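What follows is a set of notes on a single structure, which appears directly below.
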Amino acid sequence: MRPTVLVGLAVVAAYGILVTIDDLLPGGGDGDIDDPTLAFLRTHVLPLTIVAVLLLTFVRRAGWWRPVWREAPSQRVPRWWWAFPAAYLVVIAGNLSQVDWGQAPSYLLVLGAGTFLVGLTEELALRGILLTGARGSWSELPAFLLTCLVFGALHALNLLHGAPVVPTLIQMVVTSFLGAIYYASRRAGGGLWLAVVLHFLADFALYAAGYSDSSSGNPPVWGAAALTLLGVLSIPLVVSIARRTGRSRAS
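Residue numbers (our numbering): 66 to 316.
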């Protein structure tokens, strides 16, 4: 199957629909299950295992395996792009420093499995399938912007759970920004796995520290400084992508 942006968007839409349907099933809503370990097992581990299998099956059968998981040699980027995963690890370490490691080991284990599946499925859908599809139809800059915007838009689904509008909008903006970090990490690392691991660690740190989402973290000063640095670096990142897109068109 030839990669196109419409196919990529269709897969992401199917992903969002599946997650929404599961949320509406018994035990899928917040507060449906009192035990936090069983609740996370039901709301994350079980449904996302199924979603991961479906996404991986699509990638294999569509013949997209290599472009989804690996960057082409021609897609190499400047070394300074490594600042994104490096600085983001500092942010993650800041959140991990606030984790109460005295929590039940069974809960932390289930939390680790669930957040790994979140990182795997979201990165596979967004920075894997959607990016590959968008690259088949568009140049790199609009493909990059699309993955960031769609990543943020997916979190509008929280409104279906009764989440307040303003905090949800803030989360969508923050998540779109995080999409740029994961994109840069994929490009710098030469493949999708670095983005998956960073996404997993970031979500694990937030949940384990007791935060509800990516916009509610409260890292220490040095973690906040690293996050500010990432915000500043996002400007030259867009410029770098635009320049490389222009060179590709010229050649």
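Cβ atoms here follow ideal geometry from the backbone N, Cα and C, with glycine treated the same way. Computed from a predicted model, the values in this text were never measured in an experiment.
Cβ-Cβ distance between residue 175 and residue 106 below 8 Å: Residue 175 places its beta carbon less than 8 Å from that of residue 106.
Backbone CA spacing between residue 187 and residue 79 [nearest angstrom]: 12 Å
The stretch 123-137 / the stretch 236-244 touching (three or more Cβ pairs under 8 Å): no
Between the CA atoms of residue 110 and residue 221 - distance to the nearest angstrom: 21 Å
For residue 269, the nearest candidate out of 158, 219, 290 and 213 (CA to CA): 158
Alpha carbon of residue 91 to alpha carbon of residue 225, nearest angstrom: 16 Å
Spatial distance of residue 290 from residue 67 (CA atoms): 43 Å
Cross-strand partners of residue 135 (DSSP beta bridge): 256
Nearest-angstrom Cα separation, counted from residue 179 out to residue 271: 13 Å
8 Å contact criterion, which residue 263 and residue 183 should meet: CB distance rounded: Not a contact, Cβ separation roughly 12 Å.
Whole-angstrom C-beta distance between residue 173 and residue 273, which should lie under 8 Å: 7 Å
Start and end residues, alpha helix (DSSP H) containing residue 80: 70-89
Residue 318 in three-state terms, based on DSSP: Here the chain covers residues 66 to 316 and nothing more, so residue 318 does not appear.
Range of the contiguous alpha helix (DSSP H) that encloses residue 204: Counting along the chain, residue 204 falls outside any alpha helix (DSSP H), and DSSP gives it neither H nor E.
Whether residue 198 touches residue 73 by CB criterion (8 Å): Taking the C-beta atoms as reference points, residue 73 is found nearer than 8 Å to residue 198.
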